[in-house]
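Chemist:
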Amino acid sequence: MTAHEHDTIKTVERDRPCAKCGYSLRTMPRKGTCPECGYSVIRSLHLPVTRRLLEREDRVLARRDAAARWRSRVTVLAIVLLTMAGIALAAIALPILPGFAESERAARITAIIIVTMLAGGLLPGTLLLLLRQWLNVQVQHADYIDICRRSGDGARAEDERKRDGRILRRIGDYQTYTLILSLILVVLISMVGLFIATLVWGVGDGVQAIRTNPLMIASALFWILLPSLLLWIARARHLHAQSIQYSRAAEQVKQRMDSSGPDAG
Numbered sequence: 001m002t003a004h005e006h007d008t009i010k011t012v013e014r015d016r017p018c019a020k021c022g023y024s025l026r027t028m029p030r031k032g033t034c035p036e037c038g039y040s041v042i043r044s045l046h047l048p049v050t051r052r053l054l055e056r057e058d059r060v061l062a063r064r065d066a067a068a069r070w071r072s073r074v075t076v077l078a079i080v081l082l083t084m085a086g087i088a089l090a091a092i093a094l095p096i097l098p099g100f101a102e103s104e105r106a107a108r109i110t111a112i113i114i115v116t117m118l119a120g121g122l123l124p125g126t127l128l129l130l131l132r133q134w135l136n137v138q139v140q141h142a143d144y145i146d147i148c149r150r151s152g153d154g155a156r157a158e159d160e161r162k163r164d165g166r167i168l169r170r171i172g173d174y175q176t177y178t179l180i181l182s183l184i185l186v187v188l189i190s191m192v193g194l195f196i197a198t199l200v201w202g203v204g205d206g207v208q209a210i211r212t213n214p215l216m217i218a219s220a221l222f223w224i225l226l227p228s229l230l231l232w233i234a235r236a237r238h239l240h241a242q243s244i245q246y247s248r249a250a251e252q253v254k255q256r257m258d259s260s261g262p263d264a265g
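In terms of our numbering, the sequence shown is residues 1 to 265.
1) Count the other CB atoms, across all protein chains shown, that sit within 10 Å of the CB of alanine 67; report buried if there are 16 or more and exposed otherwise.
2) From the DSSP output, read off the bridge partner residues of threonine 11.
3) What's the gap between the Cα of serine 40 and the Cα of tryptophan 70?
4) Per DSSP, which one or two residues make a beta bridge with serine 40?
5) On a CA-only basis, which of Gly32, Gly22, Met28, Cys37 is nearest glutamate 13? Give me that one, please.
6) Buried or exposed: which applies to arginine 280, given that a residue is buried once 16 or more other Cβ atoms fall within 10 Å of its Cβ?
7) Taking the alpha-carbon positions, what's the cysteine 37 to lysine 20 distance?
8) Let's test the definition: count the other Cβ atoms within 10 Å of the Cβ of arginine 30 and tell me whether it reaches 16, buried, or not, exposed.
9) Within 10 Å of its beta-carbon, does arginine 16 have 16 or more other beta-carbons around it, so buried, or fewer, so exposed?
10) Quick check on arginine 26: buried or exposed, where buried means 16 or more other Cβ atoms within 10 Å of its Cβ?
11) Given cysteine 34, which residues of its chain have a CB within under 6 Å of its CB, disregarding the five upstream and five downstream residues?
12) According to DSSP, is tyrosine 23 part of a helix, a strand, or is it coil?
13) State the Cα-Cα distance for the pair lysine 10 and valine 74, rounded to the nearest angstrom.
14) Output needed for glycine 32: all residues of its chain with C-beta closer than 6 Å, excluding positions within five of it in sequence on either side, in chain order.
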């Protein structure tokens, strides 16, 4: 039977229960309400369609979430490998650069570069990875799906569905803001470590030690900012896209509940 033929049917021909109280809706007007609880008949008829839509969204979102987890792991691994490659390059190149021929100075500056790259590459990656695991424990994938189900439930009031949609977006925003703050904290910690390392191992004393090592300063800034920024961008984009996806899923469920479907009749 076509959708147009379904639209011409005025009453429920099958034995369908009310989605809210379970009362049989057979012979009830499709555009009417349940005589027991007053719930919309058309919404009860569309409940099987809504369930199939939610099951399909569950599978799609689960695949996307698994892919995002693998991308995050690859990103962290790339940061570690990039840091190790930079350390090896610094250990090889710095002693032979012009102006760094003196063995004591070359050894000190090489040590500073290695320390700052470890702090700038491994520390941010490790902290953000631990933070990500903590966030996943606090906000599980099932929580999103549960909110989507409740958002698409026709028995819930409109203001409650809108509130759940706002919660979905707010969760993604909070996670992103937390990562921004963690990135700032990591940079500050790394810069403090850089300053202390310069005073301990640098050539000269105090400010002179910092001024005589511009290459070390530039290298440290690069290794502190770039890996952390790449990891934060990848995670923030995933969180934002995930929040939008779940909000859209809830909205699709609501729209399907409000429109006619092949299961109505």
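A virtual CB, placed ideally from N, CA and C, is assigned to each residue, including glycine.
Just so it is clear, the structure is predicted and the values come from calculations on it, not from any experiment.
Modeler: Put simply:
1) Its Cβ having fewer than 16 others within 10 Å, alanine 67 is exposed.
2) Threonine 11 pairs with Pro29.
3) Serine 40 and tryptophan 70: Cα-Cα distance of roughly 44 Å.
4) Thr33.
5) Met28
6) For the chain, the structure presents residues 1 to 265; residue 280 sits outside this window and is missing.
7) 7 Å
8) When all chains shown are included, arginine 30 counts as buried.
9) Answer is buried; the Cβ neighbour count reaches 16.
10) exposed
11) Cys18, Tyr23
12) coil
13) 57 Å
14) Val41
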